[in-house]
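Chains as they are written, first to last, in my numbering: chain A, 1 to 281; chain B, 282 to 609.
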């Protein structure tokens, strides 16, 4: 068990891995991956009932990454958690790699589904939650969704279904970072009022600061205790979090850093944006 | 009338015995589910007409109504399959795989999810509902998907066998059948296997390769030709994987092929046969099917005849194929 400070340090190590992976790959999605590092750290190092040495344990909690494009954060977190070697991270997006450009089930321990084309993850997570009910198993299923993904109709089909079937063993976390490829979500296709929309669909709704590890953990614990309803946690995040020139700039949604940019980024992450003065070049 | 020598068992009284493929599906699903607790069924608001109603009544805890939401249905099925279930997703072919092709591609086929897709009301014989509901492109869009088995059974008994084989096969399977009753041509002892076609009649002039409702029509066409040409008949319910060996074999024997399917002539059985032969034994092929058009409302048999899938169309195709062979 790690304390909050240790978890925060872990999240920053994961951010550093993300930058290194994206630099090596030469392409990929920087902003969302960095923005979700704290949520992934809270999930994989604190909340999920998982055992990296038994990735197929039938009673494990499931995590479905619906917005597959932010898989660098998933890969990096799984490696840091011990599901596979960290040396594999730099094969991201390369020929013959297990780290496909978008996650593929069976390619690596800990990857529960294939995703990429948006909005398919919540439906699959629902299937897993239904299977738990049918089999009388008490694992929890988590689905990570992006905000832009809510443009897709399939997601709303799934949102209605989860309530109809009272899937309290399902928790979704929305990466509310306000950007998508073409720009700000509210310009491309306004989502607000998002929380009210979910409430109107009869979900249990929580909103958290997606960079406050304590808050994230307590909301995830709270969600597990909700009965009769699925829970959505709207995690407000800063896309590109930890790297000044990437933060809140939608151009970094689908871009990887150059080697110079990566150097600056890693220095910022390691020094906590200059707070640590002893960091040398 | 010339006596026909059947190579595999068939029902010679086929024209008078009409059976329902969808009944065959519904009944078999219930039978299998009695012993196999992993089988679950999903419906997108078409429970009665796709014949999962009986399953829903007998196994309510394993029946999942998703509403009119075929994309979500495909995704939920993938999640269930990943968790060890054998989900059947049921709808009309125009909706599933029509509206949820991407979900079938990624969540089911790329993921090798053990999901069985039932496309009911396939073909123009849907009739009165009109072109919007006549699934004539489903084999084309499913046949291109890696890991997916595509089956088009001819009648009730063959549909039952298809469902049984689909459960035995670990991986995604698509089964399509029509709304209307079809002539019960196959019998319990007729062979059925994924990846195999079956010779019903041996011929020396032309061979017809047919699937679904067009199988009985093809036999009828051969009977009407009354021995004027020696025509072979292959039942090809497995559209993918397709029985290359048998197709090459009969092409070598007769040197002329006719394909017959209740589907667009592009992308379905005719295309699959042409792909096999053009790379092995280039052979004249005439495809009988929907001629790149949309249908309309009408009585099923009338529509089949009007849109080029009648018995006379098959006879004309056999003669054309024979002529092409002799011209080359």
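Virtual Cβ for every residue (Gly too), placed ideally from N, Cα, C.
>> Just checking: is the beta-carbon of residue 391/B within a distance shorter than 8 Å of some beta-carbon in chain A?
In response: Chain A places a beta carbon closer than 8 Å to that of residue 391/B, counting this residue as a contact.
> Leaving out five residues before and five after residue 303/B in sequence, what residues of the same chain have Cβ atoms less than 6 Å from its Cβ?
Replying inline: Within the same chain, residue 303/B has close Cβ partners 332 and 401.
> What does a CB cutoff of less than 6 Å around residue 74/A pick up in its chain, not counting 5 residues either side in sequence?
Replying inline: Sequence-distant partners of residue 74/A (beyond 5 residues in either direction) whose C-beta falls short of 6 Å from its own C-beta, in its chain, are 65.
> Within this structure, are the beta carbons of residue 80/A and residue 10/A separated by less than 8 Å?
Replying inline: Going by C-beta atoms, residue 80/A is nearer than 8 Å to residue 10/A.
>> Contact defined as beta carbons within less than 8 Å: I believe residue 183/A pairs with residue 250/A. What is the distance between those atoms, to the nearest angstrom?
In response: Yes, they are in contact, since the Cβ atoms of residue 183/A and residue 250/A sit about 5 Å apart, within 8 Å.
> Along chain B, which residues have their Cβ under 8 Å away from the Cβ of residue 157/A?
Replying inline: Chain B residues near residue 157/A: 347, 348, 350, 352 and 353.
> Measuring CA to CA, which of 160/A, 140/A, 193/A and 157/A is closest to residue 226/A?
Replying inline: Nearest of 160/A, 140/A, 193/A and 157/A to residue 226/A, Cα basis: 140/A.
> DSSP beta-bridge partners for residue 183/A?
Replying inline: Residue 183/A is bridged to 180/A.
> Cα separation between residue 285/B and residue 482/B?
Replying inline: Approximately 8 Å, taken between the alpha carbons.
> residue 356/B and residue 384/B look like a contact to me (Cβ under 8 Å); what is the Cβ gap, rounded to whole Å?
Replying inline: Yes, they are in contact, since the Cβ atoms of residue 356/B and residue 384/B sit about 5 Å apart, within 8 Å.
>> Which residue marks the beginning of the alpha helix (DSSP H) containing residue 198/A, and which one marks its end?
In response: Run containing residue 198/A: 194 to 200, per the alpha helix (DSSP H) assignment.
> Straight-line CA distance for residue 47/A to residue 416/B?
Replying inline: So the alpha carbons of these two residues sit roughly 47 Å apart.
> Just curious, the alpha helix (DSSP H) that residue 559/B is in, first and last residue?
Replying inline: Under the DSSP assignment, residue 559/B falls in the alpha helix (DSSP H) whose first and last residues are 550 to 559.
>> Is it buried or exposed, residue 568/B, if we count other Cβ atoms within 10 angstroms and call 16 or more buried?
In response: The residue is buried, with at least 16 neighbouring Cβ atoms inside 10 Å.
> Under the DSSP definition of a beta bridge, which residues are partnered with residue 480/B?
Replying inline: Assignment of beta-bridge partners to residue 480/B by DSSP yields 515/B.
> Of all the CB atoms in chain A, is at least one closer than 8 Å to the CB of residue 555/B?
Replying inline: Closer than 8 Å: no.
> At what residues does the alpha helix (DSSP H) containing residue 467/B begin and finish?
Replying inline: Here residue 467/B belongs to no alpha helix (DSSP H), and DSSP marks it neither H nor E.
> Does residue 366/B come within less than 8 Å of chain A when only Cβ atoms are used?
Replying inline: Chain A has a Cβ within less than 8 Å of the Cβ of residue 366/B.
>> Can you pull the chain B neighbours of residue 117/A, defined as C-beta to C-beta under 7 Å?
In response: By Cβ distance, chain B contributes 383 and 387.
> chain A partners of residue 358/B, CB-CB under 7 Å?
Replying inline: By Cβ distance, chain A contributes 127.
> Since residue 361/B meets chain A, which of its residues come closer than 7 Å, beta carbon to beta carbon?
Replying inline: Residues of chain A passing the Cβ test: 127, 130 and 131.
> Does any CB atom of chain B fall closer than 8 Å to the CB of residue 17/A?
Replying inline: With 8 Å as the cut-off, residue 17/A does not count as an interface residue toward chain B.
>> Extract the residue ranges of the beta strand (DSSP E) inside the segment 204 to 251 of chain A, only unbroken runs of 3 or more that lie entirely within it.
In response: Runs of beta strand (DSSP E) with 3 or more residues, each lying fully within the segment 204 to 251 of chain A, are found at 204 to 209 and 231 to 236, listed in chain order.
> Where does residue 360/B sit, in a helix, a strand or coil, going by DSSP?
Replying inline: The answer is helix: DSSP assigns residue 360/B an H, G or I state.
> Which residues in the same chain have their Cβ closer than 7 Å to the Cβ of residue 564/B, if we skip the five residues on either side of it in sequence?
Replying inline: A distance below 7 Å between beta-carbons, with the five flanking residues on each side excluded, links residue 564/B to the following residues of its chain, in chain order: 532, 536, 537, 538 and 558.
> Within the 8 Å Cβ cut-off, does residue 111/A reach chain B?
Replying inline: Residue 111/A does not count as touching chain B.
> Are the beta-carbon atoms belonging to residue 411/B and residue 543/B less than 8 Å from one another?
Replying inline: It is not a contact, given that the beta carbons lie outside the stated cut-off.
> For residue 323/B, which residues does DSSP report across the bridge?
Replying inline: As computed with DSSP, residue 323/B is found in a beta bridge with 345/B and 370/B.
> For chain B, is any of its Cβ atoms less than 8 Å away from the one on residue 70/A?
Replying inline: Contact of residue 70/A with chain B is not assigned, every C-beta pair being separated by 8 Å or more.
>> Please report the distance separating the alpha-carbon of residue 386/B from that of residue 431/B.
In response: Residue 386/B and residue 431/B have their C-alpha atoms some 13 Å from each other.
>> With a threshold of 6 Å on Cβ separation, who are the neighbours of residue 290/B within its own chain once the five nearest residues in sequence on each side are excluded?
In response: These residues qualify, in order along the chain: 468, 470 and 471.
>> Mapping the DSSP letters down to three states, classify residue 587/B as helix, strand or coil.
In response: In the three-state DSSP reduction, residue 587/B falls in the helix class (H, G or I).
>> By DSSP's criteria, residue 571/B is part of a beta bridge. Which residues make up the other side?
In response: The partner list for residue 571/B (beta bridge, DSSP) reads 545/B.
>> For residue 257/A, count the other beta carbons within 10 Å of its own beta carbon; 16 or more makes it buried, fewer makes it exposed. Which is it?
In response: Within 10 angstroms of the beta-carbon of residue 257/A lie 16 or more other beta-carbons, which makes it buried.
>> Looking at the secondary structure, which residues open and close the beta strand (DSSP E) in which residue 456/B lies?
In response: Where residue 456/B is concerned, the enclosing beta strand (DSSP E) starts and stops at 454 to 457.
> What does residue 114/A reach in chain B if we use C-beta pairs closer than 8 Å?
Replying inline: 387, 388, 391 and 392, listed in chain order.
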